[in-house]
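Participant: Got a structure here, written out as structure tokens. Questions coming.
2 protein chains.
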Amino acid sequence: MAPLIVAVQGELGSNSELAALEYFDGRTIDILPCYTFADLFAAVDQGHAQAAMAPVENSLAGSIHDVWNLLLDHHPRVAGEIRLRVVHCLIGLPGATLADVRRVRSHPQALAQCDEYLTALSGVTVEAAYDTAGAVQIIKSENQPQEAAIASAQAAADHGMQILARELSAADNFTRFLVLGEGVTSVGSLKSTVILEMEHTAAALPAVLGRLAARGIEVLKVETCKRIGRPWAYNVYLEFVGGTDGPAGQALAEIGEFVTRRQIVGTYATGVAAEPRLHRR
Amino acid sequence: MAPLIVAVQGELGSNSELAALEYFDGRTIDILPCYTFADLFAAVDQGHAQAAMAPVENSLAGSIHDVWNLLLDHHPRVAGEIRLRVVHCLIGLPGATLADVRRVRSHPQALAQCDEYLTALSGVTVEAAYDTAGAVQIIKSENQPQEAAIASAQAAADHGMQILARELSAADNFTRFLVLGEGVTSVGSLKSTVILEMEHTAAALPAVLGRLAARGIEVLKVETCKRIGRPWAYNVYLEFVGGTDGPAGQALAEIGEFVTRRQIVGTYATGVAAEPRLHRR
Chain A
3 MAPLIVAVQG ELGSNSELAA LEYFDGRTID ILPCYTFADL FAAVDQGHAQ AAMAPVENSL
63 AGSIHDVWNL LLDHHPRVAG EIRLRVVHCL IGLPGATLAD VRRVRSHPQA LAQCDEYLTA
123 LSGVTVEAAY DTAGAVQIIK SENQPQEAAI ASAQAAADHG MQILARELSA ADNFTRFLVL
183 GEGVTSVGSL KSTVILEMEH TAAALPAVLG RLAARGIEVL KVETCKRIGR PWAYNVYLEF
243 VGGTDGPAGQ ALAEIGEFVT RRQIVGTYAT GVAAEPRLHR R
Chain B
3 MAPLIVAVQG ELGSNSELAA LEYFDGRTID ILPCYTFADL FAAVDQGHAQ AAMAPVENSL
63 AGSIHDVWNL LLDHHPRVAG EIRLRVVHCL IGLPGATLAD VRRVRSHPQA LAQCDEYLTA
123 LSGVTVEAAY DTAGAVQIIK SENQPQEAAI ASAQAAADHG MQILARELSA ADNFTRFLVL
183 GEGVTSVGSL KSTVILEMEH TAAALPAVLG RLAARGIEVL KVETCKRIGR PWAYNVYLEF
243 VGGTDGPAGQ ALAEIGEFVT RRQIVGTYAT GVAAEPRLHR R
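Protein chains in written order, with the working numbering: chain A, 3 to 283; chain B, 3 to 283.
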């Protein structure tokens, strides 16, 4: 069988790639690295990739609104999900020590999550890079022992670099990915993701949640997000157990007066939490 | 009677000052301009001001989370509220014309709200300033006809500057202020503001809204806000009709299992919507 082409944002060794390797474990895949989230969605739209990993939320940072907006605009097929634990490592040149480090580069999100650790390192400056694994490539090419990156253990192994410290953020650091396009067949229970657009959450949100509760539908996520520039308008990210037909469909049909737009992102098998493993290339 | 000292963020002519003038209409007040929101709360804490205008949300930009966080940390007395319509004007030197303008300065929020207007002005760059009215002071002191600011008509009048264009943003542009410290006696109906801290909004938020609905309490605002760096933790901004005793108090007492912290910001008279007027100095 030909390898499945899976688009990820970032380079090899990024958390998105690790999530793809865990989700498609046992299946031969080829990774298509994408520079931006928009590139990732375009890769699926245009058929350059059969699947893509879309990070929708992180336990420490919250929902990744850029990705939700792309879900609204592109409405790709959602095939599954996976939660990957994020283990941030401080990575330097072979032979470098922690005492050598004067500058740390990584994705701004990773830098923010390791803020407490970085603050405790005295005399060290931080600098943003477009990707965690990409930062490892940069410090490798610069070849200076005072330069370090924050990325996965996989990124260190891929580039023959050295791990100077592990577990730099809170341990309960998970990123949840929706798998776009083609997924794996799963026997897990179903869940659904919906985006509701409403003006004034005050009346609409209690009504929506009340209708779901009245039908015994268990809500898995509910979050509001301001639509900047649109008077009083909010998006609500809503996830619940089961599909969007049957009782949930009835509930969603009843709330028309409260919502200005209702987009069903998808119904898919509930994913598992995975620990990142080291993969041989 | 001695004038009431009212702290506002920004300079004279800022929307915060205009809100103070409308809210305390008929009473003699002295304005205490503050550089940051933290300074504003400190001014009330330390007794340098008897009242302060705290902008909690804008119809286009959403909740001003910095102010909500200060409400959590300082728990000042909330005496009232007012909604002020925000009318952004493009302001230049006397004698300058729209065709002269090459650079526009204002608070980033104001620039964002006027983005559509600014994009249509070709060959113009934008630059952030700490305050709308402060930007007018700056362009006045620089005395260059190609420099303009976005601020209120009041700021233009105060500095003897010229209004080149009015109503630059959506017309439905309102900022809502809570009045901290001393307010005006009002016969309006009461409302309450509460901040709930919860882990996983999925079970907690439907439960909280369900308890309020079961007691017939009308919700006026509900919004989630991620607590960055705290796994899965969110704050919920909740406002409802009435006080926090009686049925609402019972509902809030019942939700203890769902929330990790419950802070009553205050109960106060529901405010009115005001149009900014031009004041003689």
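For glycine and all other residues, C-beta sits at the position ideal for the given N, C-alpha and C.
Could you tell me whether the Cβ of Ile66(A) comes closer than 8 Å to any Cβ of chain B?
Facilitator: Ile66(A) does not count as touching chain B.
Participant: Relative to the C-alpha of Ile84(B), which candidate in Ala56(B), Ala153(B) and Arg229(B) has its C-alpha closest?
Facilitator: Per the Cα distances, Ala56(B).
Participant: Mind checking if Thr203(B) is an interface residue toward chain A, Cβ cutoff 8 Å exclusive?
Facilitator: Chain A, which has a Cβ nearer than 8 Å to the Cβ of Thr203(B), makes this yes.
Participant: Using DSSP bridges, identify the partner residues of Tyr239(B).
Facilitator: DSSP lists Ile197(B) and Glu225(B) as partners of Tyr239(B).
Participant: Does Ile230(B) have its Cβ less than 8 Å from a Cβ in chain A?
Facilitator: Yes - at least one Cβ of chain A is within 8 Å of the one on Ile230(B).
Participant: If I follow the unbroken beta strand (DSSP E) through Glu220(B), where does it start and stop?
Facilitator: Unbroken run through Glu220(B): none, as it is neither H nor E.
Participant: Can you tell which of Gly218(B), Cys227(B) and Gly49(B) has its C-alpha closest to the C-alpha of Ser65(B)?
Facilitator: Nearest option by C-alpha distance: Cys227(B).
Participant: Looking at the secondary structure, which residues open and close the alpha helix (DSSP H) in which Tyr25(B) lies?
Facilitator: Asn17 to Tyr25 is the extent of the alpha helix (DSSP H) around Tyr25(B).
Participant: According to DSSP, simplified to helix, strand and coil, what is Pro249(B)?
Facilitator: In this structure, Pro249(B) counts as helix in the three-state DSSP scheme.
Participant: If you drop the 5 nearest sequence neighbours on each side, which residues of the same chain put their C-beta closer than 7 Å to that of Ser108(A)?
Facilitator: Cβ neighbours of Ser108(A) beyond the five flanking positions: Ala131, Thr134, Ala137, Ala151, Ile152 and Ala153.
Participant: If the cut-off is 7 Å on Cβ atoms, which residues from the region 209-225 of chain B count as contacting chain A, listed in chain order?
Facilitator: Residues Leu211, Gly212, Ala215, Val221, Leu222, Lys223, Val224 and Glu225.
Participant: From the DSSP secondary-structure annotation, give me the bridge partner or partners of Leu86(A).
Facilitator: Thr177(A) and Ala276(A).
Participant: Count the other CB atoms within 10 Å of the CB of Ser61(A); is the residue buried (16 or more) or exposed (fewer)?
Facilitator: Buried.
Participant: May I have the straight-line CA-CA distance separating Thr99(B) from His281(B), to the nearest angstrom?
Facilitator: In a straight line, the C-alpha of Thr99(B) is about 25 Å away from that of His281(B).
Participant: On the premise that Arg87(B) lies in contact with Asn175(B), defined as a C-beta separation below 8 Å, what is that separation, rounded to the nearest angstrom?
Facilitator: About 7 Å; that satisfies the 8 Å criterion.
Participant: Which residues of the region 48-66 of chain A have a Cβ closer than 8 Å to any Cβ of chain B? Give them in chain order.
Facilitator: Cβ contacts with chain B come from Ser61, Leu62, Ala63, Gly64 and Ser65.
Participant: Excluding sequence positions up to five away, which residues of its chain have a Cβ less than 7 Å from the Cβ of Val128(B)?
Facilitator: Within the same chain, Val128(B) has close Cβ partners Val106, Leu113 and Leu120.
Participant: In chain order, which continuous runs of the alpha helix (DSSP H) of length 4 or greater are located wholly inside the region 27-80 of chain A?
Facilitator: As far as the region 27-80 of chain A is concerned, its whole alpha helix (DSSP H) runs of at least 4 residues are 39-47 and 67-76.
Participant: Classify Met3(A): buried if its beta carbon has 16 or more other beta carbons within 10 angstroms, exposed otherwise.
Facilitator: Counting Cβ neighbours within 10 Å, Met3(A) comes out exposed, since fewer than 16 surround it.
Participant: By the DSSP assignment, the beta strand (DSSP E) with Gln11(A) in it spans what residues?
Facilitator: Unbroken beta strand (DSSP E) run through Gln11(A): Leu6 to Gln11.
Participant: Excluding the five sequence neighbours on either side, which residues of its own chain have a C-beta within less than 7 Å of the C-beta of Phe39(A), listed in chain order?
Facilitator: Hits under 7 Å: Gln11, Asp68, Val69 and Leu72.
Participant: Please classify Ser171(B) as buried or exposed, where buried requires at least 16 other C-beta atoms within 10 Å of its C-beta.
Facilitator: Buried, because 16 or more other Cβ atoms sit within 10 Å of the Cβ of Ser171(B).
Participant: Hey, Ile257(A) and Val221(A) are a contact pair by Cβ (cut 8 Å); roughly how many whole angstroms apart?
Facilitator: Not quite, the Cβ-Cβ distance comes to about 14 Å (not below 8 Å), so this is no contact.
Participant: Considering only residues of the region 81-164 of chain B, which uninterrupted alpha helix (DSSP H) runs meet the minimum length of 4 residues and lie entirely inside it, listed in chain order?
Facilitator: Listed in chain order, they are 110-115, 117-122, 134-144 and 155-160.
Participant: Mind checking if Pro233(A) is an interface residue toward chain B, Cβ cutoff 8 Å exclusive?
Facilitator: It does; some Cβ of chain B falls within 8 Å.
Participant: Please decide whether Asp174(A) counts as near chain B, where near means a Cβ-Cβ distance under 8 Å.
Facilitator: Closer than 8 Å to some Cβ of chain B, the Cβ of Asp174(A) qualifies, so yes.
Participant: Taking contact to mean 3 or more Cβ pairs, one atom from each stretch, closer than 8 Å, check whether the region 34-49 of chain B and the region 196-211 of chain B are in contact.
Facilitator: They do not touch, by the three-pair rule.
Participant: Flag this pair as touching only if the region 174-190 of chain A and the region 18-28 of chain A have three or more C-beta atom pairs under 8 Å; answer yes or no.
Facilitator: The region 174-190 of chain A vs the region 18-28 of chain A: in contact.
Participant: Pick helix, strand or coil for Arg232(A), following the three-state DSSP scheme.
Facilitator: Coil at Arg232(A), not helix or strand.
Participant: Under a CB-based cut-off of 8 Å, is Leu170(A) close to chain B?
Facilitator: No, its Cβ sits nowhere closer than 8 Å to a Cβ of chain B.
Participant: Assuming Ala271(A) and Leu192(A) make a contact with CB atoms under 8 Å, what is their CB distance in whole Å?
Facilitator: Right, their Cβ atoms sit about 6 Å apart.
Participant: Please classify Glu259(A): is it buried, with 16 or more other beta-carbons within 10 angstroms of its beta-carbon, or exposed?
Facilitator: By the neighbour-count rule (16 or more Cβ atoms within 10 Å), Glu259(A) is not buried but exposed.
Participant: Have a look at His161(B) and Ala204(A) and give me their C-alpha separation to the nearest angstrom.
Facilitator: If you take the alpha carbons of His161(B) and Ala204(A), they lie about 41 Å apart.
Participant: Below 9 Å on C-beta distance, what does Leu120(B) contact in chain A?
Facilitator: Chain A residues near Leu120(B): none, gap ~13 Å exceeds 9 Å.
Participant: What does the Cβ neighbour count give for Gly125(A), buried or exposed, with the cut at 16 atoms within 10 Å?
Facilitator: The residue in question, Gly125(A), is exposed, as its Cβ has fewer than 16 Cβ neighbours within 10 Å.
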